[in-house]
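Asker: Going by my numbering, the letters in the sequence shown line up with residues 10 to 98, in that order.
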Amino acid sequence: MYLRENDMTLRENELILQYLRNITSKISTLFERIETLEAKVIALGQACRTAFGQCKEVVNKLAEATEETRMDLAEYGGVIEAESFFNGC
């Protein structure tokens, strides 16, 4: 009787240890995947920063070009903003 009980506890302990090893293995895999994901998120953030910087530069250049065009039109054709066909209506 004692041997059977002892065998059962040994089997239970082995099963418990096996479950713990499986859990540990899964947690290790999760940590590795989280680290990989972290690296990808950081790279994505840096790429977004670069893209926003480029967009800002393009918008500023477009604003400068628009202002230069407006100044040229004002110089060659009079001030467009001050007088309009619709002012008298």
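Ideal Cβ positions, reconstructed from N, Cα and C, are used throughout, including at glycine.
State the Cα-Cα distance for the pair R58 and C64, rounded to the nearest angstrom.
Answerer: Within the sequence shown, numbered from 1, the residue matching residue 58 stands at position 49. Within the sequence shown, numbered from 1, the residue matching residue 64 stands at position 55. R58 and C64: Cα-Cα distance of roughly 10 angstroms.
Asker: Can you give me the C-alpha to C-alpha distance between I51 and N15, rounded to a whole angstrom?
Answerer: Within the sequence shown, numbered from 1, the residue matching residue 51 stands at position 42. Within the sequence shown, numbered from 1, the residue matching residue 15 stands at position 6. The straight-line gap from Cα to Cα measures roughly 54 angstroms.
Asker: Measuring only between beta-carbons, confirm whether L71 sits less than 8 angstroms from chain B.
Answerer: Looking at the structure shown, chain B is missing, and only one protein chain is on hand.
Asker: Please report the distance separating the alpha-carbon of L39 from that of F61.
Answerer: To locate residue 39, count along the sequence shown from 1; it is residue 30. To locate residue 61, count along the sequence shown from 1; it is residue 52. Approximately 32 angstroms, taken between the alpha carbons.
Asker: Quick one: Cα of Y28 to Cα of V67, how far?
Answerer: Here residue 28 is taken as the residue at index 19 of the sequence shown, counted from 1. Here residue 67 is taken as the residue at index 58 of the sequence shown, counted from 1. Looking at the two C-alpha atoms, the distance is approximately 58 angstroms.
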